[in-house]
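For any residue, its number in this note's numbering is found by taking its place in the sequence shown, counting from 1, and adding 330. Report on the following structure.
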Amino acid sequence: MITQKLDSTDPLLAFTVEWVRRLAVRLEHLDVLCLEVKIPPSELPANVTAWSMGKERGYGRARELIEFYRVLLKVAPKTDAIFSHMVPRYAYLSMPIALPFNLPVYLWYTHRQDTRELRMATAVCEAVMSAVPESFPFETPKLRAVGHGVDTAFFASDPTIVPDLPPVIAQVARLTPIKHQETLIRALSLVPHVRAAIVGNVPPGKDETYQTQLETLATVLGVANRVEFTGGLPAEQVRDLVRRATIAVNLSPPGLFDKAALESMMVGTLTIVSNPAFDGLLRDHASLLRISAPDAVDELVKAIKAILALPAQTRADIALDIQGRARTAHGIDGLMDRLVEIMRPH
Numbered sequence: 331m332i333t334q335k336l337d338s339t340d341p342l343l344a345f346t347v348e349w350v351r352r353l354a355v356r357l358e359h360l361d362v363l364c365l366e367v368k369i370p371p372s373e374l375p376a377n378v379t380a381w382s383m384g385k386e387r388g389y390g391r392a393r394e395l396i397e398f399y400r401v402l403l404k405v406a407p408k409t410d411a412i413f414s415h416m417v418p419r420y421a422y423l424s425m426p427i428a429l430p431f432n433l434p435v436y437l438w439y440t441h442r443q444d445t446r447e448l449r450m451a452t453a454v455c456e457a458v459m460s461a462v463p464e465s466f467p468f469e470t471p472k473l474r475a476v477g478h479g480v481d482t483a484f485f486a487s488d489p490t491i492v493p494d495l496p497p498v499i500a501q502v503a504r505l506t507p508i509k510h511q512e513t514l515i516r517a518l519s520l521v522p523h524v525r526a527a528i529v530g531n532v533p534p535g536k537d538e539t540y541q542t543q544l545e546t547l548a549t550v551l552g553v554a555n556r557v558e559f560t561g562g563l564p565a566e567q568v569r570d571l572v573r574r575a576t577i578a579v580n581l582s583p584p585g586l587f588d589k590a591a592l593e594s595m596m597v598g599t600l601t602i603v604s605n606p607a608f609d610g611l612l613r614d615h616a617s618l619l620r621i622s623a624p625d626a627v628d629e630l631v632k633a634i635k636a637i638l639a640l641p642a643q644t645r646a647d648i649a650l651d652i653q654g655r656a657r658t659a660h661g662i663d664g665l666m667d668r669l670v671e672i673m674r675p676h
């Protein structure tokens with residue numbers, strides 16, 4: 331397995347550690363090659379060997395590439411397959427080792443961005459895997475939809491938690507325009523007696539003024555006292571905040587099949603989405619919970635008001651119905667079973 335990073339404290343990539351643990355249970359041995367390793371061997375299963383390209387030691391690109399091939403050459407004789415996680419470049423760069431050792435190469439990729447590197451990787455891979463067909467940016471007969479891999483034990487409902495009052499609407503996403511936090515703030519100005527918790531930071535390299543723009547908008551619309559920007563939070567705090575929320579929203583456009591939406595569904599919080607790729611999970615509830623576009627403020631207002639008008643038991647019943655489908659389709663154990671079956675030597 332080739333991935334970016336093993337670090338259980340990383341706010342974006344910590345989940346990879348759990349992927350490694352769950353995958354290792356199903357394998358005789360798993361070698362994991364990363365740009366950087368920031369986790370002690372004691373935190374990994376005994377049948378996992380973590381290898382680093384040396385980013386944490388300050389290696390430059392040339393030295394990292396040397397380490398990439400050194401490790402691949404070392405482990406190839408005892409390997410059945412090469413699995414690149416989210417980075418197309420690793421898939422096609424591995425071919426000089428994969429070909430002479432007759433190793434199939436596989437890629438996991440869930441993003442709407444279509445790049446030349448992704449096309450190159452797809453061309454050389456035995457198969458490419460994505461959460462749903464809509465989360466891969468182009469059609470290919472090599473595509474296998476395998477689910478998103480959410481930890482269902484961690485993201486589970488807790489009957490002891492009481493929803494916050496006044497009701498809270500939670501949005502968990504990086505602070506970027508494509509996540510459309512602006513839509514929620516505008517909707518809040520039309521729905522009184524409701525608060526919003528916007529969870530996330532501006533990612534590195536993005537417009538640092540975006541949060542200030544959102545805060546200014548909240549002030550102009552007179553809802554600044556009802557909008558909380560929490561910043562990035564540890565996973566447990568995010569999960570518990572969403573558990574206490576009456577509604578979660580995910581306003582990513584088609585092509586971005588966000589795991590955060592699945593996580594809120596799995597903890598039992600009704601989740602409004604704007605991506606039709608979620609319709610298979612929502613089914614009969616799509617008319618209540620899906621709006622037509624990420625910037626459809628009036629539709630979001632209508633959906634929020636409709637949910638708040640429902641009896642608490644009705645909301646709970648709908649949430650439970652969706653939760654069951656989300657866990658089955660996108661739980662981590664189901665994903666790992668499907669990955670192993672696809673990559674198993676035949």
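Glycine included, C-beta positions come from ideal geometry on N, C-alpha and C.
Please say whether V492 and V572 have beta carbons closer to each other than 8 Å? no
Backbone CA spacing between G552 and S519 [nearest angstrom]: 7 Å
If you draw a straight line from the alpha carbon of E464 to that of A607, how long is it in whole angstroms? 6 Å
In the structure shown, what three-state DSSP assignment does R525 receive? strand
Out of V603, S617, A575, A578, point me to the one whose CA is closest to F587's CA. V603
When the distance is taken between beta carbons, is T506 closer than 8 Å to P533? yes
Report the rounded CA-to-CA distance for D537 versus T333, giving the unit in angstroms. 27 Å
My output table needs one value for S424: the three-state DSSP class, helix, strand or coil. coil
Starting from A475, trace the beta strand (DSSP E) in both directions and tell me its first and last residue. 473 to 475
Among all the DSSP beta bridges, which residues are the ones paired with T379? Beta-bridge partners of T379 (DSSP): D361.
Less than 6 Å between C-beta atoms, sequence neighbours within five positions excluded: which residues of the same chain meet that for P497? Beyond the five residues adjoining it in sequence on each side, P497 comes within less than 6 Å, by CB distance, of V524, T576 in the same chain, given in chain order.
Figure out for me which residue from S424, P426, A411 has the closest Cα to the Cα of L433. A411
Assuming M673 and F413 make a contact with CB atoms under 8 Å, what is their CB distance in whole Å? 6 Å
Reduced DSSP category for M459 - H, G, I as helix; E, B as strand; rest coil: strand
Exposed unless 16 or more other CB atoms sit within 10 angstroms - verdict on K385: Burial of K385 is indicated by the presence of at least 16 other C-beta atoms within 10 angstroms of its C-beta.
Which class does K536 belong to by DSSP, given the choice of helix, strand or coil? coil
For the stretch 619 to 631 against the stretch 443 to 461, do three or more pairs of beta-carbon atoms, one drawn from each stretch, fall closer than 8 Å, so that the two count as touching? no
With DSSP collapsed to three states, give me the class of G654. helix
Between the stretch 607 to 622 and the stretch 649 to 657, are three or more C-beta pairs nearer than 8 Å? yes
With G561 as the anchor, note down where its beta strand (DSSP E) starts and where it stops. That run of the beta strand (DSSP E) goes 557 to 561.
Collapsed DSSP secondary structure at G661 in the structure displayed: strand
Closest residue to Q543 among S382, E512, P426, V462 (Cα-Cα distance): E512
In DSSP terms, what K335 is bridged to: E366
At a cut-off of 7 Å, would you count L365 as near the ligand ADP, judging by its Cβ distance to the nearest heavy atom? Summarising the ligand content, the structure contains no ligands, and the ligand ADP is consequently not present.
Report all residues from its chain with a CB closer than 7 Å to the CB of F457; omit the five preceding and five following residues, and keep chain order. Going by the sequence as given, residue 457 is Ala instead of Phe. Y436, K472, R474, I672, listed in sequence order.
A483: which of N377, E566, R504, A517 sits nearest, CA to CA? E566
At least one CB of chain D closer than 8 Å to the CB of A451: is that the case? The structure shown contains no chain D; it holds only a single protein chain.
Measuring CA to CA, which of I528, L600, S460, H660 is closest to H615? L600
Could you have a look at H415 and say whether DSSP puts it in helix, strand or coil? strand
A380 vs V367 beta-carbon contact at 8 Å: yes
Quick check: the Cα distance between A486 and H676, rounded to an integer number of angstroms? 36 Å
Pick helix, strand or coil for V492, following the three-state DSSP scheme. coil
Rounded distance between the beta-carbons of I508 and P426, thought under 8 Å: Not quite, the Cβ-Cβ distance comes to about 36 Å (not below 8 Å), so this is no contact.
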